[in-house]
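Asks: Mind looking over this structure? Questions follow.
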Amino acid sequence: MKVLLADALPDAAVERLEAAGDEVTRMPDLDADTLPEHIAGFEVLIVRSTKVTADALDQADSLGLIVRAGAGTNTIDCDRAAELGVFVCNVPGKNALAVAELTMGLLIAIDRHIAAGTADLRAGTWNKKAYSKAEGLFGRRMGIIGVGDIGIATAARASAFGIDVVAVAKPGRSDLAIARAEAAGITFVDTLDELLATSDIVSLHVPGSTDTKGMVDTEFLAKMKDGAVLLNTSRGDVVDEAALIDAMDNRGMRAGLDVYANEPGSGTAEFDSTLA
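So for the sequence shown, our numbering puts the first residue at 1426; every next one is plus one.
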């Protein structure tokens, strides 16, 4: 099969495709605007962060399968793909450990003021007294929203730091899922309001959907503690960025973000965010 790789993937992954007899073309610099010009003739498209629009799909005269090398498919116009008979699949759980480690890295960086301290040091300012202060993580409470593979992996790592990890009890959750969560150190609370009101850290691990878009709004943030930490390694549009900025400016809240609303359609591009 003719495979278009429109993002960077490890050489080992490409070698396995080629060993299976696939003809792989690497074009890692493609983005949402340039993909339509190059997609014709390929039977399989593999992407990570590159957005696949309806325009691109309309130019894909031979395409039968899109593989998102990640957990979600929100960067792909799945409705248009379905209309054209193009299958879309993802690899849920494959990046769970990496995202969980990133989540903990963001939390440690916030608690230890690593980013601010580094920025000042590069600007020629020595302020060890300010940046050596930290609240520490042991004994604090983390509320996890989204108890899938990534949420479970994050909980296990947070528990190892001595963090009390909670999630909201969900009707219909299987005994196996409950046991898996509890094995990772999660205890369940009755409501989201209770989780938000009692957590020092709230970590988001939800899929991108109409249900989760904008879920972290002014009302959501108002239920969190003053000075609490919000971590988002799920999807950028889950958070109302204006509401988050207001909470950081007026209530001392802090945020660790790996995703932003209106991200560019490729892995490398100019980008200006009010949160950066």
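In this text, a Cβ means the ideal position worked out from N, Cα and C, and glycines have one as well. Note that the structure is predicted; figures quoted are calculated from it, not measured.
1) Label lysine 1476 either buried or exposed according to how many other C-beta atoms from any shown protein chain fall within 10 Å of its C-beta, with 16 as the threshold for buried.
2) Is the stretch 1621-1628 touching the stretch 1597-1606 in the sense that three or more CB pairs, one from each, lie closer than 8 angstroms?
3) Just the Cα atoms here: how many angstroms apart are valine 1449 and arginine 1493?
4) So, is leucine 1546 buried or exposed, given that buried needs 16 or more other C-beta atoms within 10 angstroms?
5) Just to confirm before moving on: does the CB-CB distance between leucine 1490 and valine 1516 stay below 7 angstroms?
6) Applying the 10 Å Cβ sphere with the 16-neighbour rule, what's the burial state of serine 1659?
7) Checking 7 angstroms against the spacing of the C-beta atoms, do valine 1664 and valine 1641 come in under that value?
8) Would DSSP call glycine 1661 helix, strand or coil?
9) Give me the Cα-Cα distance between aspartate 1662 and lysine 1650, rounded to the nearest whole angstrom.
10) Would you check if there are 3 or more beta carbon pairs closer than 8 angstroms linking the stretch 1521-1535 to the stretch 1564-1583?
11) Between valine 1511 and the rest of its own chain, which residues show a CB-CB distance below 8 angstroms, the 5 nearest in sequence each way excluded?
12) At which residue ranges does the stretch 1662-1697 contain complete beta strand (DSSP E) runs of 3 or more residues, listed in the order of the chain?
13) For aspartate 1536 versus alanine 1555, is the C-beta distance shorter than 7 angstroms?
14) Taking the alpha carbon of threonine 1643 as the reference point, which residue from Ile1670, Leu1617, Val1524 has its own alpha carbon closest?
15) Jot down the residue ranges of each uninterrupted alpha helix (DSSP H) in the stretch 1529-1561, minimum 4 residues, whole runs only, in chain order.
16) Determine which residues share a DSSP beta bridge with cysteine 1514 and list them.
17) Using the Cα positions of isoleucine 1603 and alanine 1668, report the straight-line distance between them to the nearest angstrom.
Replies: Let me lay it out:
1) buried
2) no
3) 16 angstroms
4) exposed
5) no
6) buried
7) yes
8) helix
9) 22 angstroms
10) yes
11) Leu1482, Ala1485, Leu1488, Gly1489, Leu1490, Ile1491
12) 1679-1682
13) no
14) Ile1670
15) 1539-1547, 1553-1556
16) Val1492
17) 33 angstroms
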